[in-house]
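Residue numbers (our numbering), protein chains in the order written: chain A, 28 to 340; chain B, 42 to 178.
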């Protein structure tokens, strides 16, 4: 993992970075293969699901200007082109936070939310976002609610239940008030139906020193303890990462803005400058196909690869 | 025969009333043993607030932004690229003021009363105070 932290661009380094991503995708595919087997063993019963395809975009950071990505809107534009070219077409897009890059001026933040929406509108698909700390931490989500919509909500598509949660606007936690809302919604939800939690930060301790966690994740997941097929799709960490538990799979989507290093104890989180020879290194999006059995297949589409990496949750 | 029908009917109605949660408990009884119910990370009210408890909570809740022992060298830059302030060189601040900012937050400082009970917040106040011993002389 040394190469990935080095900042000098060079042909052989590029190879190792690319190799690293490929290996990460392979590892997730292997882990997922196991999941498919174990998933099948429990997959009887429960309501029917209509096969469903949707896309997860994450961490688009609209408004960022700097060396980590010298063309933020351009990269998002290319990601949207990939979405447009999908066959079959997805039914909707979820965006797991950090739609925009934080900035002090409220007018500038509004303009960034507007620019994000304008680009997303070109897809002509429903978009289901959750806030990231860049969108919501500085004012507890007040502007986000005006410019984008509610901080948390629930929806259902094709027999799959989605809970869009906010674990950033008041700190890296879900908090008492929202947990009470979840409890009320759960009473009306079906624990046998496939259920997806959309969050920005992971619902486990991926790396606490970099705030790659949710303080009350255990309490939140305990609320869903009777749900048979629970998947958490998160963002925030700008790389392929995840965790598979006995009853919940958690998995991060790729960013369209910049990749981040792997956790490193006692180091400050820093992004590295965009590579000149491979500007799309580590950037991408993912396509999620839900089968009628409720099984979810995830394809991570790297913008720098034509080939796609497959995994199953 | 009629009794049987009644019994089946009553069972069906009961089933209908149970709702999806309880039905799942019946159809998948072993789900309840699959995973121990996650423990809420809360301190029981019988525990007294202490700087030691505050120090423990600090590592998981505060160190990312404020750095080890409040030295201001956090591992996570704030969204605006700045760092959260050091907590080991605070000017004179009352217990009430510390309680207010830790519990309710301010700007990008989270309001921890959403996930912590009064004992935990009091403990964090004691810990932050212990990082700022009164100056001698």
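Every residue gets a Cβ at the ideal spot worked out from N, C-alpha and C, and that includes glycine.
Do residue 95 of chain A and residue 298 of chain A have their CB atoms nearer than 7 Å? Residue 95 of chain A is a Cβ neighbour of residue 298 of chain A, given a cutoff of 7 Å.
Can you tell me the Cβ-Cβ gap for residue 124 of chain A and residue 162 of chain A, rounded? I've got them flagged as a contact below 8 Å. That belief holds up - the Cβ atoms of residue 124 of chain A and residue 162 of chain A are roughly 7 Å apart, short of 8 Å.
So what does DSSP say about residue 172 of chain A, is it helix, strand or coil? Shown here, residue 172 of chain A sits in a helix according to DSSP, grouped into three states.
Is there contact between the segment 305 to 316 of chain A and the segment 275 to 282 of chain A, where contact requires at least three CB pairs shorter than 8 Å? These segments touch.
Terminal residues of the continuous alpha helix (DSSP H) containing residue 249 of chain A? 244 to 250 is the span of the alpha helix (DSSP H), which, as asked, contains residue 249 of chain A.
Taking residue 192 of chain A as the reference, give the member of A:267, A:110, A:252, A:158 with the closest Cα. Ranked by how close their Cα comes to the Cα of residue 192 of chain A, the residues A:267, A:110, A:252, A:158 have A:158 in first place.
Whole angstroms is fine: what's the gap from residue 115 of chain B's alpha carbon to residue 331 of chain A's? Distance between the alpha carbons of residue 115 of chain B and residue 331 of chain A: 33 Å.
Identify every residue that forms a DSSP beta bridge with residue 310 of chain A. None; residue 310 of chain A has no bridge partner.
Near-chain A residues of the segment 97 to 129 of chain B - C-beta to any C-beta below 7 Å: Under the 7 Å Cβ criterion, the segment 97 to 129 of chain B contributes 101, 102, 104, 105, 116, 117, 118, 120, 121.
Any C-beta of chain A under 7 Å from that of residue 151 of chain B: Interface flag for residue 151 of chain B against chain A is set, since a Cβ pair is found closer than 7 Å.
Within the segment 181 to 235 of chain A, ranges of the beta strand (DSSP E) (whole runs, at least 3 residues): Taken in chain order, the complete beta strand (DSSP E) segments of 3 or more residues contained in the segment 181 to 235 of chain A are 187 to 191, 222 to 225.
Cβ-based contacts, 7 Å cut-off: residues of the segment 99 to 125 of chain A near chain B: So nothing in the stretch comes that close.
Pairwise C-alpha distance: residue 156 of chain B and residue 168 of chain B: So the alpha carbons of these two residues sit roughly 18 Å apart.
Chain B partners of residue 386 of chain A, CB-CB under 8 Å? In the structure as shown, chain A starts at 28 and stops at 340, and residue 386 of chain A therefore has no counterpart that could be examined.
On the three-state DSSP scale, how would you describe residue 149 of chain B? Coil at residue 149 of chain B, not helix or strand.
Bridge-paired residues (DSSP) for residue 83 of chain A: Looking at the DSSP output, residue 83 of chain A bridges to A:121, A:313.
Assuming contact is defined by CB atoms lying nearer than 7 Å, are residue 121 of chain A and residue 155 of chain A in contact in what I supplied? The answer is yes: Cβ separation under 7 Å.
Residues of the segment 163 to 175 of chain A with a CB closer than 7 Å to any CB of chain B: list them in chain order, please. Within the segment 163 to 175 of chain A, 164, 165 place their CB atoms closer than 7 Å to a CB of chain B, listed in sequence order.
For a test of the three-state rule: what should DSSP assign to residue 91 of chain A, helix, strand or coil? Coil, per DSSP.
Residue 102 of chain B: first and last residue of the uninterrupted alpha helix (DSSP H) it sits in: In the DSSP annotation of this structure, the continuous segment of the alpha helix (DSSP H) that includes residue 102 of chain B starts and ends at 92 to 102.
Tell me which residues of the segment 154 to 178 of chain B have at least one Cβ-Cβ distance to chain A shorter than 7 Å, keeping chain order. Per Cβ criterion, the list reads 155, 156.
Ignore the nearest five residues each way along the sequence and tell me which others in residue 292 of chain A's own chain have a CB closer than 6 Å to its CB. Listed in chain order, the non-local C-beta contacts of residue 292 of chain A below 6 Å within the same chain number zero, local neighbours out to five positions each way being set aside.
Please classify residue 217 of chain A as buried or exposed, where buried requires at least 16 other C-beta atoms within 10 Å of its C-beta. Residue 217 of chain A should be labelled buried.
N-terminal and C-terminal residue of the beta strand (DSSP E) that residue 271 of chain A is part of: It spans 269 to 271 - the beta strand (DSSP E) in which residue 271 of chain A sits, taken as one unbroken run.
When the Cα atoms are used, what is the spatial distance from residue 106 of chain A to residue 326 of chain A? Using only the alpha carbons, I get a separation of about 14 Å.
N-terminal and C-terminal residue of the beta strand (DSSP E) that residue 260 of chain A is part of: Annotation for residue 260 of chain A: the continuous beta strand (DSSP E) segment containing it runs 257 to 261.
Length of the line joining the Cα atoms of residue 164 of chain A and residue 209 of chain A: If I take the Cα positions, the gap works out to 21 Å.
How many angstroms separate the CA atom of residue 127 of chain A from the CA atom of residue 88 of chain B? About 42 Å.
Whose Cβ in chain B lies nearer than 9 Å to the Cβ of residue 138 of chain A? Near residue 138 of chain A there are no residues of chain B at all, since even the closest Cβ is about 16 Å away, more than 9 Å.
Which word fits residue 159 of chain B, buried or exposed, when buried means at least 16 other C-beta atoms lie within 10 angstroms of its C-beta? Here residue 159 of chain B is exposed: its Cβ has fewer than 16 other Cβ atoms, across all protein chains shown, within 10 Å.
Of all Cβ atoms in chain B, is any one closer than 7 Å to the Cβ of residue 200 of chain A? Chain B contact via Cβ: present.
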